[in-house]
């Protein structure tokens with residue numbers, strides 16, 4: 349694979365900033381689909397007036413992916429053999445012969461606030477705000493054949509395509525008090541609209557909702573709560589309420605967060621009409637709850653626990669078809685982060701996650717444990733003229749039946765034929781800084797070839813071979 353990228357950030361004024369970033373990735377590995385090409389553009393801007401009466405923030409994201417889709421490698425015995433050249437890449441389904449995909453995404457977000465009655469510092473006042481976003485995406489999968497034998501389109505080429513468009517606009521009143529314990533509040537009304545269409549169908553959803561947010565912060569604690577409730581439209585009765593709290597005392601930091609959601613499943617899971625897949629569903633709303641908390645001490649150790657529950661979740665079964673669970677499923681996660689400074693220039697880090705799932709169906713599959721550890725050093729030579737750092741990081745997780753990828757619809761679905769995991773993935777980094785210039789070298793998967801090669805990011809999709817990144 350090849351990666352090229354660069355970014356520019358410009359402070360045109362002390363209150364005006366512009367940012368632009370471009371990345372291109374080209375993948376031509378032995379195992380991946382051939383000739384994959386991805387371009388991504390990010391841009392943003394932020395401005396405020398001298399007295400903070402008016403401010404805006406805007407962000408743009410554009411991404412385009414195109415390439416050949418083989419459906420992954422199924423010759424797992426050959427891939428597991430370090431001496432195999434993998435000359436015979438097999439398809440998951442031979443009817444996806446000569447398959448290609450193209451996907452484009454465009455997101456634009458804008459936020460502005462005006463406080464006409466703000467004081468001289470702009471720290472407090474009452475005014476109005478506007479927040480909005482616009483998103484559109486197009487995805488096409490086409491091949492010289494199809495799973496269903498091109499059964500309803502009489503042509504030499506088959507395709508499954510989808511176009512998604514959505515917008516969310518919100519206006520309201522905002523209040524900045526200048527009091528640290530209760531510093532900010534806003535209330536507004538919004539409108540959300542979304543549509544999904546293919547060559548044959550079109551499905552839409554919309555909602556008018558009420559929204560609100562309050563927050564505050566002091567030297568030792570901060571808190572925030574926000575939510576929205578849909579009052580009109582296809583999402584009527586839906587809501588999204590969440591909040592978090594953080595407090596610090598004598599180096600000990602504790603926090604808690606909660607989420608309560610009731611919303612309709614995605615438009616794609618409700619209706620699809622194409623060459624290879626067809627469905628038309630009227631799902632019930634999904635209810636999700638999360639309660640979490642953590643405690644940490646001086647960045648040396650952090651322990652967190654999350655409790656998650658989904659009622660009537662939508663998932664994709666072994667045939668990559670959307671289904672809705674009649675009951676509920678649960679996930680309990682605990683996470684331990686440790687940071688140990690061995691000396692003034694050497695640090696060891698470790699992050700371990702344990703997770704247990706349960707429910708009325710085996711539809712949520714995750715590794716029982718995941719560990720990511722590293723050792724990092726930094727030093728100075730030539731009286732600080734040259735600053736350098738090095739590091740080695742490893743990741744390993746237990747075996748589990750991860751979801752497989754469906755190239756036609758672009759979703760992940762349940763599968764029972766392949767386990768992934770229980771391998772080490774090692775990365776190494778070295779960097780040097782001279783004056784204002786920094787040079788770095790990043791080596792991914794440095795242990796490739798030393799262990800069993802059967803490591804996957806998803807079933808039938810191998811992780812990249814040893815890859816070197818250079819940066820300036």
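Numbering (the working numbering), first residue to last: 349 to 820.
Ideal placement from N, C-alpha and C gives every residue a C-beta, glycine not left out.
For clarity, every value in this text was computed on a predicted model and none was experimentally measured.
Residue i and residue j closer than 8 angstroms at C-beta
i, j, result
"residue 487", "residue 509", "yes"
"residue 772", "residue 746", "no"
"residue 640", "residue 676", "no"
"residue 542", "residue 513", "yes"
"residue 700", "residue 681", "no"
"residue 538", "residue 517", "yes"
"residue 331", "residue 694", "The structure shown does not extend to residue 331, since the chain is modelled only from 349 through 820, so no value can be given for it."
"residue 652", "residue 642", "yes"
"residue 607", "residue 636", "yes"
"residue 300", "residue 612", "This structure cannot speak to residue 300, because the chain is shown only from 349 to 820."
Residue range of the unbroken alpha helix (DSSP H) whose run includes residue i
i, result
"residue 617", "615-618"
Distance, residue j Cα to residue i Cα
i, j, result
"residue 454", "residue 409", "6 angstroms"
"residue 460", "residue 398", "15 angstroms"
"residue 400", "residue 698", "42 angstroms"
"residue 781", "residue 392", "27 angstroms"
"residue 448", "residue 696", "44 angstroms"
"residue 525", "residue 549", "50 angstroms"
"residue 736", "residue 407", "34 angstroms"
"residue 761", "residue 686", "34 angstroms"
"residue 792", "residue 815", "5 angstroms"
"residue 627", "residue 661", "17 angstroms"
"residue 546", "residue 595", "49 angstroms"
"residue 655", "residue 464", "44 angstroms"
"residue 555", "residue 770", "45 angstroms"
Delimiting residues of the beta strand (DSSP E) encompassing residue i
i, result
"residue 385", "384-396"
"residue 591", "587-597"
"residue 789", "785-792"
"residue 671", "670-672"
"residue 650", "649-659"
"residue 571", "569-581"
"residue 535", "530-545"
"residue 766", "First-last for residue 766: undefined, no H or E at that position."
"residue 700", "694-707"
"residue 683", "676-689"
"residue 782", "773-782"
"residue 562", "550-565"
"residue 484", "473-491"
Status (buried if at least 16 other CB within 10 Å, exposed otherwise) for residue i
i, result
"residue 649", "exposed"
"residue 586", "buried"
"residue 785", "exposed"
"residue 670", "buried"
Contact set for residue i: own chain, Cβ-Cβ below 6 angstroms, skip 5 residues either direction
i, result
"residue 783", "none"
"residue 367", "357 and 392"
"residue 389", "370 and 410"
"residue 387", "372 and 412"
"residue 600", "645"
"residue 609", "588 and 636"
"residue 451", "413 and 487"
Cβ neighbours of residue i in the same chain (closer than 8 angstroms, five flanking residues each side left out)
i, result
"residue 360", "366"
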